[in-house]
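Peer 1:
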Amino acid sequence: STTEPLIVFECKVTLGNICSHQSRNRNKREAFQETSQGYQHIWILPVTWWYDSAYHFRVAAPDLADCSTDPNYAGIFFTDYYFYFYRHCN
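Quick note: the sequence shown, position 19, residue 19 per full-length UniProt numbering, numbers continuous.
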């Protein structure tokens, strides 16, 4: 939740190595939502099939930035968030 309306951009998704005991196709990608606007931002991040996965989100006020905005403006026009997931494959 945020105290002011913001836009959250899903700038990059990296789905890495699949756990070997899983029978899922590595190239298959779930449907990802690309942006979320408003006060609450809920995302579904498929991580269970993968040994490693990474997500890059950019949060900005409306009309100030998007995923293509120069990274030198971080902290001024937007804030970047990076999430890394690692799984122990049995």
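We treat Cβ as the ideally placed atom computed from N, Cα and C, and that holds for glycine.
Please classify Ser-53 as buried or exposed, where buried requires at least 16 other C-beta atoms within 10 Å of its C-beta.
Peer 2: Position 53 of the sequence shown, counted from the first residue, corresponds to residue 53. Buried: at least 16 other Cβ atoms inside 10 Å.
Peer 1: I'd like the list of long-range same chain contacts for Gln-37, defined as Cβ closer than 8 angstroms, with 5 residues on each side in sequence excluded.
Peer 2: For the purposes of this step, residue 37 is identified with residue 37 of the sequence shown, where counting begins at 1. The residues are Pro-5, Leu-6, Ile-7, Val-8, Pro-62.
Peer 1: Phe-11 to Thr-69, Cα distance in whole Å?
Peer 2: Taking the first residue of the sequence shown as 1, we reach residue 11 at position 11. Taking the first residue of the sequence shown as 1, we reach residue 69 at position 69. Phe is not the amino acid found at residue 11; the sequence shown has Cys there. Their Cα atoms are separated by approximately 11 angstroms.
Peer 1: If the criterion is Cβ atoms closer than 8 angstroms, does the pair Ala-74 and Asp-80 meet it?
Peer 2: Your numbering for residue 74 matches position 74 in the sequence shown. Your numbering for residue 80 matches position 80 in the sequence shown. Yes, they are a contact pair.
Peer 1: Tell me whether Phe-57 is buried or exposed, calling it buried when 16 or more other Cβ atoms sit within 10 Å of its Cβ.
Peer 2: Translated into the one-based positions of the sequence shown, residue 57 becomes position 57. Answer is buried; the Cβ neighbour count reaches 16.
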